[in-house]
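Heads up, the thing below is written out as structure tokens.
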Amino acid sequence: MKIERRGMQFDHLLSYQAVLSRDRWQEGIFIMEDLAVGEGIYQNGPFFFSATNNEGESSSRSFTYYMPIIGPISIEENDEFHFRDKFVIEDALVMRQADQLLDFYEAETKLRKYASEQDISLEARTYVVLLEVYNEIMIDLYIPIQEWGNS
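Under this note's numbering, the residues of the sequence shown are numbered 46 to 196, in order.
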């Protein structure tokens, strides 16, 4: 299992927020795709999303979906959809899909276990980047670092 340390940055994104059951995580992507087609918005980077556990609720998670787009746009913002000028993660542990694990939840567990063994404090939020390569989807998993060891 190859684990790296790096950051991530995207400019000009649409975001969508939803609370979904763990097995329905793809629904937010479909909603974003429908919005892009309906509004004539050009996507220029990979979809990615964040997931956080909901306190006291193991069957659902809070998801925020991100779609990089060609440039700034005006949309009617509401509780679900927003435009973001920039998205940055300065420092994270990263695993590519995560070396053939069954799903990103299993990869997240392994990455968090590794961090614990290395005395690395991670944020609660996990980011999943969906990379399309030769009509296959690869997943990069990012978990931002809060603190590294005694530093």
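Backbone N, C-alpha and C fix where the C-beta goes; we use that ideal spot for every residue, glycine too.
Nearest-angstrom Cα separation, counted from residue j out to residue i
i: E162; j: Y187; result: 17 Å
i: F93; j: I190; result: 18 Å
i: G73; j: D164; result: 34 Å
i: E49; j: Y61; result: 28 Å
i: I134; j: M53; result: 5 Å
i: V82; j: M112; result: 12 Å
i: K47; j: V139; result: 9 Å
i: E125; j: S119; result: 15 Å
Where residue i sits in the DSSP three-state scheme
i: R157; result: helix
i: H127; result: strand
i: E162; result: helix
i: Y150; result: helix
i: P113; result: strand
Span of the beta strand (DSSP E), counted from its first residue to its last, around residue i
i: S166; result: I165 to L167
i: Y179; result: Run containing Y179: none; DSSP gives neither H nor E here.
8 Å contact criterion, which residue i and residue j should meet: CB distance rounded
i: D56; j: D148; result: The pair is not a contact, with the Cβ atoms about 29 Å apart (cut-off 8 Å).
Check your understanding: For the region 47-102, which segments carrying the alpha helix (DSSP H) assignment without a break, of at least 4 residues, lie completely within its bounds, in sequence order?
Key -> Whole alpha helix (DSSP H) segments, 4+ residues: 72-84.
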